[in-house]
Structure formats: structure tokens, C-alpha cells
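S.K.: Please read through the structure below; I'll follow up with questions.
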Amino acid sequence: MGSEIPGMDFLEQLRSRFSRTRVAVRGVWIGPYWTAVQTEIGTGLAATQLEAGSTHGVHAQHLAEAGALAGRDARELAAGVSDGFPLRRSVGLAALNALLPEPEGSVTERNAGDLAAEKGAGKTVGVVGWFPFIPHLREAAACVEVFEQDPETGFALTAERAARLARCEVLCITASALLNRTLDGLLGAARPGAWKMLVGPSAPLCRETLDLGFDAVCGARVGNAAPVVRVIQEGGCFQQIRKTGAVRLLNFEA
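So the sequence shown is residues 147 to 400, counted in this note's numbering.
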């Protein structure tokens, strides 16, 4: 199935590309679904990840540095992408996304579902994760194989899942696979020549992500942080974040 390490190496290498210039963190918000990090140059998002099981008592999942993140160097927070603690990885990826500049090249502002339906028309499409565009995709594709997250193992591959993935001509993978360390296994099980897209606000919109083997990266750029973080801290989902009009959905193609 392949090791999960290269995906984490990718995030670490991406972090190392930033200049040594200090970028101050203005705020960190961690909701049940999304995490946001605002810096002096931008705001990044990532899915909120927690370990399976209890979050209370001796199993409490909290950041020891909570209450002291604002004012730190965003690169310091971004170092969390390779941490063993899922919540710190979420903060790290959100910080990393906040540091990334606007992507240049073949970039369009559109819903990832429209691109998936276009590329998957008449084909067998695999979707790792759950997205609101799945019903629309079913109308265009010949077959849609949905690989939902297992409560215990996440998106980790089984022999049955690997066999189903290998049949897919088009593959849409949730960017949360970067956080739960299953991305490399998923890519390794993909059919040779399959058209692949990484989808979700967690996805780093940059050339390096395409170089992992993706044909498109579909992510989000935050324009106005205030309404976005308000929804996050009040427990909202991404559909509610979108309704604020404060984020743009961007498709970055190879």
C-alpha cells in the first residue's frame, strides 16, 4: 500500500520553502470542523483533526500552548504539520496555507464538483471522503465509488478498498488525507494514468501539491477573515463558511 511518510515529507518540504522573514500570527480558531490561522499576510484553513476515542480526563486532547499562539511566528506553528498530535497538525496546515501566496498559472474560480463532473463524465470516479457535489457527480459519471472515513481507521486502505480504487479512472481525494497520513497509500493504490484531484480547504494551493501526482488541486482562499472565523468558532461547517462570501473556491490545474 506504500508508506505514509512521503506525504508528511511533502508538507515539511513545503514549509521549508518559506523565507526566514518573521510572519506574526494574529489569531487561531479551532472549531469542531475547521481550524483557521490568521497571520499578518493572510488566513489559512484546515480540517480539525482529533484522535479517535475520548477527549476528556486523561485522554484530553488539547494544545499545551493554547492562549499563547497569537503573536508567534507563523512558521513556528506551521512546523506542527509533522507533529504526532492530530490537532497540532491541523493548526500547522492552517498556518502553512496562510503563508502560501496566491497561486499563479492555470487557476479558475469554480466549484470542485463541476471540475469533477467534467473530468468524470461517462467514467468510473472514486471519491475519498464525502462532498456535497457527490449527487451532481453521479448524474455525470458512469459509476461513482465513495470511500467514506472509517471511525477507527480513517481512510486507511484495506485490500477491498485498494481493489476498488484501482478501477477508478478519475479520483477525487479529500485533502484531510494529508492530515490523517493516508495520502501516500491512496496515491499508491490509484490506477496508473488516473486523473486525480485533491479537494478541500485544507489543500495547499501550490505547484508542489500538483507535483505529488495530482492533475488539479481544489482549495479555498480566505478574503475576509472576520466572518469566516465567526462561523468556525460558532461550530459551523464549510457550507456555512461559503455563505459568508468571504472565501473563493479555486481550482489549480497542472
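From the three backbone atoms N, C-alpha and C, an ideal C-beta is built for every residue, glycine too.
Nearest to Glu186 by CA position, among Ala198, Tyr179, Thr167, is which residue?
M.R.: For Glu186, the nearest C-alpha among the options comes from Thr167.
S.K.: Measure the alpha-carbon distance for Ala193 versus Val316 and round it to whole angstroms.
M.R.: If I take the Cα positions, the gap works out to 24 Å.
S.K.: Which residue wins for smallest C-alpha separation from Phe384, given the options Leu261, Ala309, Leu191?
M.R.: Minimum Cα distance to Phe384 is reached at Leu191.
S.K.: Please look up how many angstroms separate the CB atoms of Leu160 and Glu354, rounded, as I've assumed it's under 8 Å.
M.R.: Leu160 to Glu354, Cβ: 5 Å. Contact.
S.K.: Between the C-alpha atoms of Gln307 and Phe293, what's the straight-line distance to the nearest angstrom?
M.R.: Reading off the sequence shown, one finds Arg at residue 307, where the question assumed Gln. Rounded to the nearest angstrom, the two C-alpha atoms are 8 Å apart.
S.K.: Pull the bridge partners of Trp341 from the DSSP assignment, please.
M.R.: Answer by DSSP bridge pairing, in chain order: Val316.
S.K.: When DSSP labels each residue in this structure, what does Asp219 get in the three-state scheme?
M.R.: Three-state result, Asp219: strand.
S.K.: Helix, strand or coil for Glu285, going by three-state DSSP, please let me know.
M.R.: Correct three-state label for Glu285: helix.
S.K.: Inspect the CB distances between the stretch 171-180 and the stretch 212-222 and report whether three or more fall short of 8 Å.
M.R.: Because the criterion of three Cβ pairs below 8 Å is met, the stretch 171-180 and the stretch 212-222 touch.
S.K.: Apply the 10 Å Cβ neighbour rule to Leu196 and answer buried if 16 or more other Cβ atoms are within range, or exposed otherwise.
M.R.: Label assigned to Leu196: exposed.
S.K.: For Lys269 versus Ala287, is the C-beta spacing smaller than 7 Å?
M.R.: In this structure, Ala287 lies closer than 7 Å to Lys269 by Cβ.
S.K.: CA-CA distance, Thr328 and Gln295?
M.R.: Rounded to whole angstroms, Thr328 to Gln295 spans 11 Å at the Cα level.
S.K.: Look at the alpha carbon of Thr320 and the alpha carbon of Val274, and state the distance between them as a whole number of angstroms.
M.R.: Taking the straight line from one Cα to the other gives about 6 Å.
S.K.: Between which residues of its own chain and Ala240 is the CB-CB distance below 7 Å, once the five residues before and five after are set aside?
M.R.: The answer, listed in chain order, is Thr181, Ala182, Val183, Gly190, Leu191, Ala192.
S.K.: By Cβ distance below 7 Å, which residues in the same chain neighbour Gly266 in space, the five residues on each side in sequence not counted?
M.R.: Once the five neighbours on either side are set aside, the close Cβ partners of Gly266 are Leu283, Ala286, Ala287, Val316.
S.K.: If you drop the 5 nearest sequence neighbours on each side, which residues of the same chain put their C-beta closer than 7 Å to that of Gly238?
M.R.: Excluding residues within five positions, the ones whose Cβ falls inside 7 Å are Leu223, Ala224, Ala225, Gly226, Val227, Asp229.
S.K.: Taking its Cβ as the centre, do 16 or more other Cβ atoms sit within 10 Å of Ala323, making it buried, or is it exposed?
M.R.: Burial call: buried.
S.K.: Ordered along the chain, which non-local residues of its own chain (more than five positions away) have a Cβ less than 7 Å from that of Val290?
M.R.: For Val290, where only same-chain residues beyond five positions count, the Cβ hits under 7 Å are Val271, Val273, Ile280, Leu283, Arg284.
S.K.: Could you compute how far the alpha carbon of Leu261 sits from the alpha carbon of Ile378?
M.R.: So the alpha carbons of these two residues sit roughly 27 Å apart.
S.K.: Pro347: buried (16+ other C-beta within 10 angstroms of its C-beta) or exposed?
M.R.: Label assigned to Pro347: buried.
S.K.: So which of Asn326, Trp341, Pro373 has the shortest CA-CA distance to Leu311?
M.R.: Leu311 has its Cα closest to that of Trp341, out of Asn326, Trp341, Pro373.
S.K.: With DSSP as the reference, label Val375 as helix, strand or coil.
M.R.: Helix.
S.K.: What are the residues that DSSP puts in a beta bridge with Gly213?
M.R.: Answer is none; Gly213 lacks a bridge partner.
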